[in-house]
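Worksheet: one structure, shown below.
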Amino acid sequence: MTTNMIAILGWGSLIWKPQNLQYIGNWETGGPVLPLEFSRITKERPLTIILDPENGVACPTRVAQSAQSNLADAIRDLMQREGTTEERIGYVELQGNQSSLQMYPEQIKVDETIRRWCKDNQVSAAIWTAIPPNFSERLGIKFSVNSAIEYLKTLPESAQASGLEYFRKTPAEIQTPLRQRVAMEWSEAA
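Under our numbering, the first residue of the sequence shown carries the number 2, and numbering increases by one thereafter.
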């Protein structure tokens, strides 16, 4: 990795379905270890993996080099891919000690971990999806492995199949308590 590199951090569909995201090379292992869990419900997927400081467990992430040389352009690129707003894209930039938390303090606080990773890997900046968990908000119950399994079991067959496919496609090195339980309940998700 080069000093002027802007790293894109990924752990979910960004890796296997980058769509219009501009990056160089392949997604590589070796990204920072971050607290992840399948605790967000979206329109497309019943449960997606996101940063979750409460329910997440330490998982390795993947990294790709942004094709953008300017941090604002790289953020805009990821924002468009994710179909989200700027406050839901996290970033750190070593020069000037900048972080998205300075503007968006409600973001999940992983900036110091990522900043250390950038320094250790000679990366000038890193960006990531900073969309929060919403399982409890959407369903009105606290997230747990059992409540997530029950939720998956109540889904229509096509939605359940879509959710299980997401678990299957998530990189194998990302192991969470829910993923392990899903693999026990549904062999096709392993």
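Ideal Cβ positions, reconstructed from N, Cα and C, are used throughout, including at glycine.
Residue nearest to residue i in terms of C-alpha spacing, selected from the options
{"i": "A164", "options": "Q176, I175, W187 and F144", "result": "One point to set straight first is that residue 164 is Gly, not Ala, in the sequence displayed. Cα-wise, what sits closest to G164 is W187."}
{"i": "A75", "options": "A126, L156, C119 and S137", "result": "A126"}
{"i": "E45", "options": "G26, N98 and S159", "result": "S159"}
{"i": "I90", "options": "E107, E166 and T43", "result": "E107"}
{"i": "E94", "options": "K120, N147 and E55", "result": "K120"}
Paired residues, beta bridge with residue i - DSSP
{"i": "S100", "result": "V93"}
{"i": "P61", "result": "V34"}
{"i": "R41", "result": "T49"}
Local Cβ density within 10 Å of residue i, reported as buried at 16 or more and exposed below that
{"i": "A173", "result": "exposed"}
{"i": "A8", "result": "buried"}
{"i": "W17", "result": "exposed"}
{"i": "G11", "result": "buried"}
{"i": "M6", "result": "buried"}
{"i": "R117", "result": "exposed"}
Alpha carbon of residue i to alpha carbon of residue j, nearest angstrom
{"i": "S70", "j": "L79", "result": "13 Å"}
{"i": "Q161", "j": "K154", "result": "7 Å"}
{"i": "V146", "j": "I132", "result": "20 Å"}
{"i": "Q181", "j": "V111", "result": "24 Å"}
{"i": "I51", "j": "E138", "result": "15 Å"}
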